Amino acid sequence: KAGVTQTPRYLIKTRGQQVTLSCSPISGHRSVSWYQQTPGQGLQFLFEYFSETQRNKGNFPGRFSGRQFSNSRSEMNVSTLELGDSALYLCASSPPFGNGYTFGSGTRLTVV
Amino acid sequence: LAKTTQPISMDSYEGQEVNITCSHNNIATNDYITWYQQFPSQGPRFIIQGYKTKVTNEVASLFIPADRKSSTLSLPRVSLSDTAVYYCLVGDRDNYGQNFVFGPGTRLSVLP
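These protein sequence lines map, in sequence, to chains R and A.
Read left to right, the first sequence gives residues 1 to 112 (this note's numbering).
Read left to right, the second sequence gives residues 1 to 112 (this note's numbering).
As structure tokens, then:
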């Protein structure tokens, strides 16, 4: 059974650019959540999607957005990148009434 | 929103049993307790989840007292490869995302 797949694995962007990260959940999982992990702030919740609808949103500026497609794949977009956006971005999927999240390996974003 | 408190770090030796206790005084009726393990530059990995009493799987046991205000993750006979950060989360498993808050976790160091 394939796990949660995140692409790309590593990314380097320049301040002011935008970036799109992709997440393919485990087959049959309809809930996808995104987290940002930094050494200073730890794991912080960004947003959650379920059946193409954003169900929950964390405390991040509007530069951070996401969407989910009908096949449950999800993308997150960060516009006008700042140095502080450098982080490991993690995607997780869960089944309905599930037994916890399954996380992907993450995308390491570096903003220079 | 239930919050958790765990020790920041713990040391152990190979072959010992390790118990990590998590406090969650404000746990709600619908909340489950879930533990994750994370290695550097990887996504957290689900270890175990429970609601009350004791749950055991092939890698760990989870002990939850009757008042559910705390829980203890027990790792039998740890090895060097168990060196990682362990997170305790509480949340309504039918409504993940914003309700699923990662604290700083417990950094476990297993020594030879």
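Every residue gets a Cβ at the ideal spot worked out from N, C-alpha and C, and that includes glycine.
Since the structure is predicted, the reported quantities are computational estimates derived from the model, not experimental observations.
Worksheet entry | chain A within 8 Å of residue 105 of chain R, Cβ atoms only | yes
Discussion item. Give me the subset of the stretch 55 to 77 of chain R whose CB atoms are less than 8 Å from a CB atom of chain A, sorted by chain position.
Written reply: 55, 56, 57 and 58
Fill in: Extent of the continuous beta strand (DSSP E) run through residue 45 of chain A
45 to 50
Discussion item. Just to make sure I have the definition right: I need the residues of chain R whose C-beta is within less than 9 Å of the C-beta of residue 16 of chain A. Which are they?
Written reply: Chain R residues near residue 16 of chain A: none, gap ~26 Å exceeds 9 Å.
Item to complete: Starting from residue 31 of chain A, follow its DSSP beta bridges and name the residues at the other end.
Response: A/92
Worksheet item: If residue 20 of chain R sits next to residue 77 of chain R, beta carbons under 8 Å apart, how far is it from one beta carbon to the other, in whole angstroms?
Response: 5 Å
Worksheet item: Hey, how far is the Cα of residue 82 of chain A from the Cα of residue 110 of chain A?
Response: 7 Å
Worksheet item: Quick one, are the C-beta atoms of residue 5 of chain A and residue 90 of chain A less than 8 Å apart?
Response: no
Worksheet item: Among A/51, A/75, A/85 and A/64, which one has its Cα closest to the Cα of residue 29 of chain A?
Response: A/51
Practice prompt. Could you tell me whether any Cβ in chain A is nearer than 8 Å to the Cβ of residue 102 of chain R?
Written response: yes
Discussion item. I'd like the list of long-range same chain contacts for residue 52 of chain R, defined as Cβ closer than 8 Å, with 5 residues on each side in sequence excluded.
Written reply: 67, 68, 69 and 70
Discussion item. According to DSSP, residue 48 of chain R sits in a beta bridge with which residue or residues?
Written reply: R/33 and R/56
Practice prompt. List the residues that DSSP assigns as beta-bridge partners of residue 42 of chain R.
Written response: R/38
Worksheet entry | Expected contact under 8 Å - CB spacing of residue 33 of chain R and residue 92 of chain R to nearest Å | 5 Å
Practice prompt. Can you say whether residue 58 of chain A is buried or exposed, counting buried as having 16 or more other CB atoms within 10 angstroms of its CB?
Written response: exposed
Worksheet item: Could you check where the beta strand (DSSP E) with residue 66 of chain A kicks off and where it finishes?
Response: No beta strand (DSSP E) contains residue 66 of chain A, which DSSP labels as neither H nor E.
Discussion item. Pop quiz: residue 104 of chain A and residue 58 of chain R are said to be a contact at Cβ under 8 Å. What is the actual Cβ separation, rounded to whole angstroms?
Written reply: With a Cβ gap of about 17 Å, residue 104 of chain A and residue 58 of chain R do not count as contacting.
Item to complete: Go to residue 13 of chain A, then tell me how far its beta strand (DSSP E) extends in each direction, as first and last residue.
Response: 9 to 13
Item to complete: Decide if residue 10 of chain R is buried, meaning its Cβ has at least 16 other Cβ atoms within 10 Å, or exposed.
Response: exposed
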